[in-house]
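Down below is the structure, laid out as structure tokens.
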Amino acid sequence: MTRLRLWISLLTASVVALIAILSVLDDRSESEWQRYEGWSVSVISISIAFSFFGALSSMLAPEMAMKVELPFIIIVLGFWCAGLPSILNPDQNLAVSPEFAISNANLFFFSYASLIFSLLLLGSWFEQKNGEDSTPTALGWVLLTSTSLIVMSSSIKVLQEDDCRRDASPYCNRTRFGIFGGMASGAMALIVVLLRKHVPMNCQAVVGFLLLILWACGVSYITFGSGPGTTLGSLYFATWSSFFICINLTATAANEYIIENDIRIVSGKDGGAEKKKVEETAAVVVEEEGKATEKHDEEETTKK
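All letters in the sequence shown, in the order written, are residues -17 to -1, 1 to 287 by mature numbering (1 follows the signal peptide of the UniProt record, and there is no 0).
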């Protein structure tokens, strides 16, 4: 999907989300809005504005689009990462009711769609920027950075609202795990994004596996038992998304490393498994072909 289509999709999703949230707030005057309600409307409005200008630049000035799109994408993605927890907070009763049921399906799903389109835009920009140097793991690391930051920001919001600053209960401790886990995962993923050309696939596989262990613990602590992400919301989805992204990253990086090095497992004479490199076999074949060619040339010379 081209970035123009992604910009238009983001614009459409944001407009639907704005209409949905205004339908919830239409019985209140703007002066009666709570702080979180004004913040949620602002996030969606900013998304509409920047997605409109992003689509315009991509359509009318594609040569200059690369220069202006990245700031637009980062701003929109940043606002959605910060604003989505408020929109989906059951206590605010905007998209999710206090009983944790989806009370406004359009606001719920199109807010998530806006976040996803923002992530896809960022991945698309990096892929075009790197051109042929783009790797199969590029988008995955960008997505992991974003979902990790959502876990961190959502956990911070829970910590503040539930007054966990001095509370050592399991619920609050698990919330703190979400903060530090999201921070660590986001930082490591961002480093790989920035230094991707200098990080070989085997290292990416190792980092992905370590983060997979982190998020395996994360889904256990955050979405089960007395964790803060047991109910439907941004923390729940972001935690599980991070876990599955890590699975994909680890598998993809390991597979790419095997392909790059042409590593195969073949049966040895003693019945054990020995590692062989196809490139070594190819070198032997080339050498044998060279000897055959030389022998043929010598025979031709002798005949003459």
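Using N, Cα and C, we set each Cβ at its ideal position, and we do this for glycine too. Fair warning: this is a prediction, and the values are worked out from it, not measured in the lab.
Margin query: Using the Cβ count rule (16 or more neighbours within 10 Å means buried), how would you classify Met171?
Written below: As a working note, residue 171 is residue 188 in the sequence shown. By the Cβ neighbour-count rule, Met171 is buried, with 16 or more other Cβ atoms within 10 Å of its own.
Check: Three-state secondary structure (DSSP) at residue 293?
Finding: Residue 293 lies beyond the residue range present for the chain, which begins at -17 and ends at 287; the question has no answer from this structure.
Checklist line | N- and C-terminal bounds of the alpha helix (DSSP H) containing Val24 | finding: The sequence position of residue 24 within the sequence shown is 41, counting from 1. Element bounds for Val24: 18 to 43.
Next item on the list: Let me know if Cys229 comes out buried or exposed under the rule of 16 or more other beta-carbons within 10 Å of its beta-carbon.
Entry: On the sequence shown, residue 229 is found 246 positions in, with the first residue counted as 1. By the 16-neighbour rule on beta-carbons within 10 angstroms, Cys229 is buried.
Item checked: Cβ neighbour criterion (16 or more within 10 Å) applied to Gln143 -> For this step, residue 143 is matched to residue 160 along the sequence shown. Gln143 is classed as exposed because its beta carbon has fewer than 16 other beta carbons within 10 Å across all chains shown.
Margin query: Would the region 60 to 77 count as touching the region 207 to 223 if we require 3 or more Cβ pairs under 8 angstroms?
Written below: With a cut-off of 8 angstroms on Cβ pairs, the region 60 to 77 is in contact with the region 207 to 223, counting three or more such pairs.
Notebook entry, point to check: What do you reckon, are the CB atoms on Ser97 and Ser225 nearer than 8 angstroms?
Noted result: Within the sequence shown, residue 97 is the residue found at index 114, counting from 1. Within the sequence shown, residue 225 is the residue found at index 242, counting from 1. Not a contact, by the Cβ cut-off of 8 angstroms.
Check: Which residues does DSSP pair with Val79 in a beta bridge?
Finding: Working through the sequence shown from its first residue, we reach residue 79 at position 96. Answer by DSSP bridge pairing, in chain order: Ile85.
Item checked: Spatially closest choice to Val175 from Gly21, Leu127, Phe160, Trp63, by CA coordinates -> To locate residue 175, count along the sequence shown from 1; it is residue 192. The residue with the shortest Cα to Cα distance from Val175 is Leu127.
Notebook entry, point to check: Taking just the CA atoms, how far does Ala236 sit from Gly165?
Noted result: The residue given as residue 165 occupies position 182 in the sequence shown. The residue given as residue 236 occupies position 253 in the sequence shown. Roughly 21 angstroms between the two C-alpha positions.
Check: Does the beta-carbon of Leu(-8) have 16 or more other beta-carbons within 10 angstroms, so that it is buried, or is it exposed?
Finding: The residue labelled residue -8 in the question sits at position 10 within the sequence shown. Buried, because 16 or more other Cβ atoms sit within 10 Å of the Cβ of Leu(-8).
Checklist line | Member of Ile27, Gly21, Tyr19, Trp22 whose CA lies at the smallest distance from the CA of Val(-2) | finding: Translated into positions along the sequence shown, residue -2 becomes position 16. Among Ile27, Gly21, Tyr19, Trp22, the Cα nearest to that of Val(-2) belongs to Ile27.
Next item on the list: Put Pro153 into one of helix, strand or coil per three-state DSSP.
Entry: For the purposes of this step, residue 153 is taken as the residue at position 170 of the sequence shown. Secondary structure at Pro153: helix, using DSSP grouped into helix, strand and coil.
Notebook entry, point to check: Is it right to say Ala(-5) is buried, meaning 16 or more other beta carbons lie within 10 angstroms of its own, or is it exposed?
Noted result: Looking up residue -5 in the sequence shown gives position 13. Counting Cβ neighbours within 10 Å, Ala(-5) comes out buried, since at least 16 surround it.
Next item on the list: Evaluate Glu82 with the Cβ neighbour count: other Cβ atoms within 10 Å of its Cβ, from every protein chain shown; 16 or more gives buried, anything less gives exposed.
Entry: Looking up residue 82 in the sequence shown gives position 99. By the neighbour-count rule (16 or more Cβ atoms within 10 Å), Glu82 is not buried but exposed.
Next item on the list: Can you tell me the Cβ-Cβ gap for Ser30 and Phe62, rounded? I've got them flagged as a contact below 8 angstroms.
Entry: Taking the sequence shown and counting its residues from 1, the one referred to as residue 30 is at position 47. Taking the sequence shown and counting its residues from 1, the one referred to as residue 62 is at position 79. That belief holds up - the Cβ atoms of Ser30 and Phe62 are roughly 6 angstroms apart, short of 8 angstroms.
Check: Which residues in the same chain as Ile85 place their Cβ atom closer than 8 angstroms to its Cβ, once the five residues preceding and following it in sequence are excluded?
Finding: What you label residue 85 is simply residue 102 of the sequence shown in a count that begins at 1. Excluding residues within five positions, the ones whose Cβ falls inside 8 angstroms are Ala78, Val79, Phe91, Leu215.
Next item on the list: Round the Cβ separation of Leu5 and Leu104 to the nearest angstrom and send it over; I've been treating them as touching at under 8 angstroms.
Entry: What you label residue 5 is simply residue 22 of the sequence shown in a count that begins at 1. What you label residue 104 is simply residue 121 of the sequence shown in a count that begins at 1. About 25 angstroms separates the two Cβ atoms, so there is no contact after all.
Notebook entry, point to check: Sorted by chain position, which residues of the same chain lie with C-beta nearer than 6 angstroms to Leu194's C-beta, five sequence neighbours on each side aside?
Noted result: Indexing the sequence shown from 1 puts residue 194 at position 211. Excluding residues up to 5 positions away in sequence, Ser168, Cys229 lie with their Cβ nearer than 6 angstroms to the Cβ of Leu194 in the same chain.
Note to self: With the cut-off set at 8 angstroms, would you say Trp124 and Leu53 are in Cβ contact?
What the structure shows: In the sequence shown, the residue the question calls residue 124 occupies position 141. In the sequence shown, the residue the question calls residue 53 occupies position 70. No, Cβ-Cβ distance for Trp124 and Leu53 is not below 8 angstroms.
Check: Whole-angstrom Cβ separation of Leu43 and Ser101, contact assumed at under 8 angstroms?
Finding: To locate residue 43, count along the sequence shown from 1; it is residue 60. To locate residue 101, count along the sequence shown from 1; it is residue 118. Wrong, their Cβ atoms sit about 21 angstroms apart, outside the cutoff.
Notebook entry, point to check: Is it the case that the Cβ atoms of Tyr240 and Ala188 are separated by a distance below 8 angstroms?
Noted result: Locating residue 240 in the sequence shown gives position 257, counting from the first residue. Locating residue 188 in the sequence shown gives position 205, counting from the first residue. Between Tyr240 and Ala188, the CB-CB gap stays under 8 angstroms.
Checklist line | DSSP three-state assignment for Cys191, whether helix, strand or coil | finding: Counting from one through the sequence shown, the residue named residue 191 turns up at place 208. Note that residue 191 is Gly in the sequence shown, not Cys. Helix at Gly191.
Checklist line | Range covered by the alpha helix (DSSP H) that runs through Ser(-4) | finding: Position 14 of the sequence shown, counted from the start, is the residue given in the question as residue -4. Its alpha helix (DSSP H) spans residues -15 to 8.
Next item on the list: Find the nearest neighbour of Gly37 within the set Trp22, Arg(-15), Pro73, judged by alpha-carbon distance.
Entry: On the sequence shown, residue 37 is found 54 positions in, with the first residue counted as 1. Gly37 has its Cα closest to that of Arg(-15), out of Trp22, Arg(-15), Pro73.
Margin query: Could you compute how far the alpha carbon of Arg157 sits from the alpha carbon of Gln17?
Written below: Here residue 157 refers to the residue found at position 174 when the sequence shown is read from its first residue. Here residue 17 refers to the residue found at position 34 when the sequence shown is read from its first residue. If I take the Cα positions, the gap works out to 29 angstroms.
Next item on the list: Please list, in chain order, all residues of the same chain as Gly161 whose beta carbon is under 6 angstroms from its beta carbon, the five residues on each side excluded.
Entry: To locate residue 161, count along the sequence shown from 1; it is residue 178. Val134, Ser138, Ile205, listed in sequence order.
Check: Taking just the CA atoms, how far does Ser136 sit from Leu122?
Finding: The residue you call residue 122 lines up with position 139 of the sequence shown. The residue you call residue 136 lines up with position 153 of the sequence shown. For Leu122 and Ser136, the distance between alpha carbons rounds to 21 angstroms.
Next item on the list: Measure the CB-CB distance between Thr118 and Arg159 and report whether it falls below 8 angstroms.
Entry: Within the sequence shown, residue 118 is the residue found at index 135, counting from 1. Within the sequence shown, residue 159 is the residue found at index 176, counting from 1. For Thr118 and Arg159, no; Cβs fall outside 8 angstroms.
Check: What number of angstroms, rounded off, separates the C-alpha of Asn87 from the C-alpha of Ile(-10)?
Finding: By one-based count along the sequence shown, residue 87 stands at place 104. By one-based count along the sequence shown, residue -10 stands at place 8. The alpha-carbon atoms of Asn87 and Ile(-10) are separated by roughly 23 angstroms.
Check: Taking C-alpha atoms, which residue in Ile242, Pro153, Ala48, Ala221 lies nearest to Ser34?
Finding: Along the sequence shown, one-based indexing puts residue 34 at 51. When only C-alpha atoms are compared, the closest one is Ala48.
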